[in-house]
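J.: Below are the structure tokens for one structure; questions will follow.
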Amino acid sequence: MRDALAALAVEPLPERVDLERPARKEHGDWSSNVALATAKKAGRNPRELASQLVDHLNADLPPHVERVEIAGPGFVNFHLAPTWLHDVLSDVVTLGTEGFARSDAGVGHTVNVEFVSANPTGPVHAGHARGAAYGDSVARLLERCGYGVTREFYINDRGVQMQNFGASLAARKKGEEPPEDGYKGQYVTDWAAEMPDDADPVAWGEDRALADQREALAAFNVHFDVWYKELALVDSGAIEETLDELREKGHVFDDDGATWLRSTEFGDDKDRVLVKSDGELTYLAPDIAYHRDKFSRAERLINVWGADHHGYVPRMKAAMQALGHDAGELEVAIVQLVELLKDGEPVKISKRSGNLIELRDIVDEVGADAARLTYLLQSIDSRQTVDLAVVASQGMENPVYYVQMAHARIHGITRKAAEAGFERAPLNTVDLSLLTHERELDVLRSLSELPETVLSACNDRAPHRVTTWVRELAGAFHGFYHDCYVVGEGVSPELTQARLWLVESARVGLAIGLDLLGVSAPEQL
RNA sequence: GCCCUCGUAGCUCAGUCGGAUAGAGCGACCGCCUCCUAAGCGGUAGGCCACAGGUUCGAUUCCUGUCGGGGGCACCA
Numbered sequence: 110m111r112d113a114l115a116a117l118a119v120e121p122l123p124e125r126v127d128l129e130r131p132a133r134k135e136h137g138d139w140s141s142n143v144a145l146a147t148a149k150k151a152g153r154n155p156r157e158l159a160s161q162l163v164d165h166l167n168a169d170l171p172p173h174v175e176r177v178e179i180a181g182p183g184f185v186n187f188h189l190a191p192t193w194l195h196d197v198l199s200d201v202v203t204l205g206t207e208g209f210a211r212s213d214a215g216v217g218h219t220v221n222v223e224f225v226s227a228n229p230t231g232p233v234h235a236g237h238a239r240g241a242a243y244g245d246s247v248a249r250l251l252e253r254c255g256y257g258v259t260r261e262f263y264i265n266d267r268g269v270q271m272q273n274f275g276a277s278l279a280a281r282k283k284g285e286e287p288p289e290d291g292y293k294g295q296y297v298t299d300w301a302a303e304m305p306d307d308a309d310p311v312a313w314g315e316d317r318a319l320a321d322q323r324e325a326l327a328a329f330n331v332h333f334d335v336w337y338k339e340l341a342l343v344d345s346g347a348i349e350e351t352l353d354e355l356r357e358k359g360h361v362f363d364d365d366g367a368t369w370l371r372s373t374e375f376g377d378d379k380d381r382v383l384v385k386s387d388g389e390l391t392y393l394a395p396d397i398a399y400h401r402d403k404f405s406r407a408e409r410l411i412n413v414w415g416a417d418h419h420g421y422v423p424r425m426k427a428a429m430q431a432l433g434h435d436a437g438e439l440e441v442a443i444v445q446l447v448e449l450l451k452d453g454e455p456v457k458i459s460k461r462s463g464n465l466i467e468l469r470d471i472v473d474e475v476g477a478d479a480a481r482l483t484y485l486l487q488s489i490d491s492r493q494t495v496d497l498a499v500v501a502s503q504g505m506e507n508p509v510y511y512v513q514m515a516h517a518r519i520h521g522i523t524r525k526a527a528e529a530g531f532e533r534a535p536l537n538t539v540d541l542s543l544l545t546h547e548r549e550l551d552v553l554r555s556l557s558e559l560p561e562t563v564l565s566a567c568n569d570r571a572p573h574r575v576t577t578w579v580r581e582l583a584g585a586f587h588g589f590y591h592d593c594y595v596v597g598e599g600v601s602p603e604l605t606q607a608r609l610w611l612v613e614s615a616r617v618g619l620a621i622g623l624d625l626l627g628v629s630a631p632e633q634l
């Protein structure tokens with residue numbers, strides 16, 4: 110393309126030539142707006158330039174390109190031959206679930222993804238679920254793109270809430286009501302009944318809560334590499350070190366008997382207290398020390414926070430800058446809140462009464478796969494409404510079912526083919542050029558987009574794009590399934606073989622996509 | 001009051017670096033099973049991309065403002 114532009118004496122040459130996938134099939138497989146983008150600077154007419162460009166390219170077509178056309182105000186559209194898609198099929202099945210749609214963009218780089226980080230005072234609840242699905246999926250995307258990834262859970266086990274929790278357990282054990290600002294959920298009573306007489310309610314309660322959280326998250330297919338206790342941070346002396354470092358660097362001052370971080374220096378609204386006038390630490394001081402520790406273990410940090418915490422972003426970023434990091438090295442993904450419905454009725458959750466929906470309840474009710482795919486259906490930037498009855502339903506209003514159906518059909522075909530005596534022949538003995546049906550090509554077009562989808566989803570921390578892609582592939586496959594029989598009277602053995610490989614390629618694509626979402630798919634529904 | 005975020009079909013939402021006639025699913029309506037699961041497929045209807053300016057050859061996309069929904073503005077964790 111650049112050569113063609115140079116040959117046409119375009120001056121100045123564009124820095125980059127963008128190719129994009131047109132939204133409409135008639136516009137070809139690839140399209141470039143380069144004539145539009147450069148015409149003005151070069152003092153040429155866009156349409157005319159595009160036309161010359163097309164002539165030049167058509168004179169010597171690159172491999173797989175069937176023809177190049179001019180369209181609209183000056184777009185240059187490339188129409189590819191089906192052979193291109195047959196090569197895609199070969200790539201997919203040769204590279205397989207391990208190798209296809211993998212990127213080395215992050216090789217040699219480390220990222221720490223911290224998410225969930227629920228307080229160790231009770232079970233993981235519905236409010237954590239979306240962030241859990243999101244954080245784990247982002248970690249999966251990063252891994253697929255070559256990054257060294259740590260999944261980390263921060264345990265907030267220092268502070269008054271632990272005393273309240275311990276006191277609540279102790280009270281329940283004695284058959285009394287918890288204190289006014291204590292924890293009133295049913296689980297406190299249940300756990301108190303398990304608690305040995307000689308146990309320290311605070312320490313025992315923390316372990317009990319963590320065990321419960323770990324189990325519920327595992328059932329949600331989320332596993333952490335590091336569970337980091339705030340108390341360990343306190344014991345390590347890291348907080349004092351951090352305060353000293355900030356003071357040395359001149360970002361700390363004393364006022365009103367308290368110690369302050371001059372966070373306004375780095376864009377925060379106001380300066381923040383690190384040590385209160387009574388000598389106690391605020392939550393912020395250990396948090397800074399914790400992030401400092403994470404930076405000693407990874408180049409880049411991603412925090413997944415609920416929308417109710419977004420106000421803390423500027424001060425954390427300011428603190429990291431005070432420690433000498435670039436603001437961009439700490440990313441905070443803000444996950445908008447989920448409104449939970451049950452049969453269209455809002456589920457009221459009240460922390461005060463302890464009346465909350467546990468993650469475990471959701472998994473029990475709809476299954477981990479359905480729950481995860483549902484949470485990853487939409488961008489985290491939009492508020493989500495989840496109706497548990499819909500997620501659990503086995504109907505069309507449920508995208509989970511649509512996707513799982515495609516996967517089950519793939520295995521249905523494989524089973525049926527085996528019954529009819531068909532095993533896949535080696536790929537190099539199969540004539541893929543028989544795959545010319547528009548439905549077949551649609552499946553392959555969809556597969557051809559997976560590598561770029563994965564990379565962009567990774568770079569933009571947007572796993573929902575994978576979900577969208579998986580739904581599209583499932584749609585293309587359902588169309589193929591309907592119109593193209595793999596095994597049947599009117600199908601030649603050669604075509605059966607080619608289609609068996611097509612089915613396999615769809616299976617690989619679906620497997621990759623679903624794995625990135627942390628969703629398994631049944632072979633049968 | 002200030003900050004973050006969202007506003008796209010009746011509903012739930014996609015829409016990448018600004019591109020062509022704005023997409024999908026559900027719901028509505030009309031079709032399609034002698035064969036791998038009809039839990040599916042095809043078609044029709046349905047849009048002032050909240051509104052008003054600006055930048056641009058070109059804006060759903062970028063900028064400013066207005067309106068509306070959600071969240072946040074502690075020497076609380």
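If you read the first sequence in my numbering, its first letter stands for residue 110, the second for the next number, and so on.
Just so it is clear, CB atoms sit at the ideal spot from N, CA and C, and this is done for glycine as well.
Between Leu410 and the rest of its own chain, which residues show a CB-CB distance below 6 Å, the 5 nearest in sequence each way excluded?
T.: Only Asn221, Lys403 and Leu439 meet the Cβ criterion.
J.: Secondary structure at Gln493, three-state DSSP: helix, strand or coil?
T.: DSSP places Gln493 in strand when its eight states are reduced to three.
J.: Taking all protein chains shown into account, decide if Ala583 is buried (16 or more other Cβ within 10 angstroms of its Cβ) or exposed.
T.: Buried, by the Cβ-count rule.
J.: So Leu497 and Leu450 are in contact, right, with Cβ under 8 Å, and what is the actual spacing, rounded?
T.: Indeed they touch by this definition, with Cβ atoms about 7 Å apart.
J.: Would you list the one or two residues that DSSP bridges to Glu467?
T.: DSSP lists His234 as partners of Glu467.
J.: Let me know the alpha helix (DSSP H) ranges lying completely inside the region 313 to 381, each 4 residues or longer, listed in chain order.
T.: With a minimum length of 4 residues, the continuous alpha helix (DSSP H) runs that stay inside the region 313 to 381 are 339 to 345 and 347 to 357.
J.: If contact is defined by three or more beta carbon pairs under 8 Å, each pair taking one atom from either stretch, is the region 532 to 550 in contact with the region 570 to 584?
T.: Taking 8 Å as the limit for Cβ pairs, the verdict is that the region 532 to 550 does not touch the region 570 to 584.
J.: Could you give the uninterrupted runs of the alpha helix (DSSP H) lying entirely in the region 250 to 303, keeping only those of 4 residues or more?
T.: Whole alpha helix (DSSP H) segments, 4+ residues: 269 to 282 and 295 to 303.
J.: Return the residue from the list Glu389, Leu370 and Ser386 that minimises the CA-CA distance to Asp380.
T.: Answer by Cα proximity: Leu370.
J.: Just to check, is the beta-carbon of Ala327 closer than 7 Å to a non-hydrogen atom of the ligand COA?
T.: With respect to the ligand COA, the structure shown offers nothing to examine, as it has no ligands at all.
J.: For Asp478, does the count of other Cβ atoms within 10 angstroms reach 16, so buried, or fall short, so exposed?
T.: Counting Cβ neighbours within 10 Å, Asp478 comes out buried, since at least 16 surround it.
J.: Per DSSP, what are the beta-bridge partners of Lys451 in this structure?
T.: Paired residue(s): Glu454.
J.: With a 10 Å radius around its C-beta and 16 neighbouring C-beta atoms as the bar for buried, classify Asp164 as buried or exposed.
T.: Looking at its Cβ environment, which holds fewer than 16 other Cβ atoms inside 10 Å, Asp164 is exposed.
J.: Taking the alpha carbon of Ile522 as the reference point, which residue from Ala214, Gly433 and Cys593 has its own alpha carbon closest?
T.: Among Ala214, Gly433 and Cys593, the Cα nearest to that of Ile522 belongs to Cys593.
J.: If you compare alpha carbons, which of Asn186, Arg267, Glu303 and Ala238 is closest to Gln493?
T.: Nearest of Asn186, Arg267, Glu303 and Ala238 to Gln493, Cα basis: Ala238.
J.: Do you know how far the Cα of Leu604 is from the Cα of Val174?
T.: If you take the alpha carbons of Val174 and Leu604, they lie about 25 Å apart.
J.: DSSP state of Arg133, grouped into three classes?
T.: Three-state DSSP puts Arg133 in coil, outside helix and strand.
J.: Counting only the same chain and skipping the five closest in sequence on each side, list residues whose C-beta sits under 6 Å from that of Pro310.
T.: Gly275, Leu278 and Ala279, listed in sequence order.
J.: Measuring alpha carbon to alpha carbon, tell me which residue in His419, Val500 and Ala148 is nearest Pro182.
T.: Cα-wise, what sits closest to Pro182 is Ala148.
J.: Taking contact to mean 3 or more Cβ pairs, one atom from each stretch, closer than 8 Å, check whether the region 379 to 394 and the region 337 to 356 are in contact.
T.: With a cut-off of 8 Å, the region 337 to 356 and the region 379 to 394 count as touching, because enough Cβ pairs lie within range.
J.: What does DSSP give as the partner residues of Asn412 in its beta bridges?
T.: DSSP output for Asn412 lists Glu223 and Val441 as bridge partner(s).
J.: Evaluate Glu613 with the Cβ neighbour count: other Cβ atoms within 10 Å of its Cβ, from every protein chain shown; 16 or more gives buried, anything less gives exposed.
T.: Buried, since its Cβ has 16 or more Cβ neighbours within 10 Å.
J.: Please classify Phe589 as buried or exposed, where buried requires at least 16 neighbouring CB atoms within 10 angstroms.
T.: Answer is buried; the Cβ neighbour count reaches 16.
J.: Contact check, Thr576 vs Leu485 under 8 Å by CB: the rounded distance?
T.: That belief holds up - the Cβ atoms of Thr576 and Leu485 are roughly 5 Å apart, short of 8 Å.
J.: Where does the unbroken beta strand (DSSP E) through Val628 begin, and where does it stop?
T.: Element bounds for Val628: n/a, residue is neither H nor E.
J.: Look at the alpha carbon of Gly627 and the alpha carbon of Tyr510, and state the distance between them as a whole number of angstroms.
T.: Each residue's alpha carbon lies about 16 Å from the other.
J.: Less than 8 Å separating the beta-carbons of Glu261 and Asp196?
T.: No. Outside cutoff.
J.: Whole-angstrom Cβ separation of Asn412 and Val384, contact assumed at under 8 Å?
T.: Asn412 to Val384, Cβ: 23 Å. No contact.
J.: Measure the CB-CB distance between Pro229 and Leu355 and report whether it falls below 8 Å.
T.: Not a contact, by the Cβ cut-off of 8 Å.
J.: Quick one: residues in its chain with C-beta nearer than 6 Å to the C-beta of Asn273, no 5 flanking neighbours on either side, listed in chain order?
T.: Within the same chain, Asn273 has close Cβ partners Asp290 and Gly291.
J.: Just to confirm my understanding: we take Ala529, look at its own chain, exclude 5 residues before and 5 after, and list those with CB closer than 6 Å. What are they?
T.: Excluding sequence neighbours, Ala529 sits near Val596.
J.: What's the call for Asp245, buried or exposed, on a 16-neighbour Cβ count within 10 Å?
T.: Classification of Asp245: buried, given that the 10 Å Cβ count is 16 or more.
J.: Compute the Euclidean distance between the alpha carbons of Ala180 and His136, then round it to the nearest angstrom.
T.: Between Ala180 and His136, the C-alpha separation is close to 8 Å.
J.: Relative to the C-alpha of Gly255, which residue among Gly208, Glu223 and Ala308 is closest?
T.: Checking every option, the nearest Cα to that of Gly255 belongs to Gly208.
J.: Beta-carbon separation of Glu581 and Ser555 under 8 Å?
T.: Yes. Within cutoff.
J.: So the candidates are Val177, Ala248 and Val258; which of them puts its Cα closest to the Cα of Thr219?
T.: For Thr219, the nearest C-alpha among the options comes from Val258.
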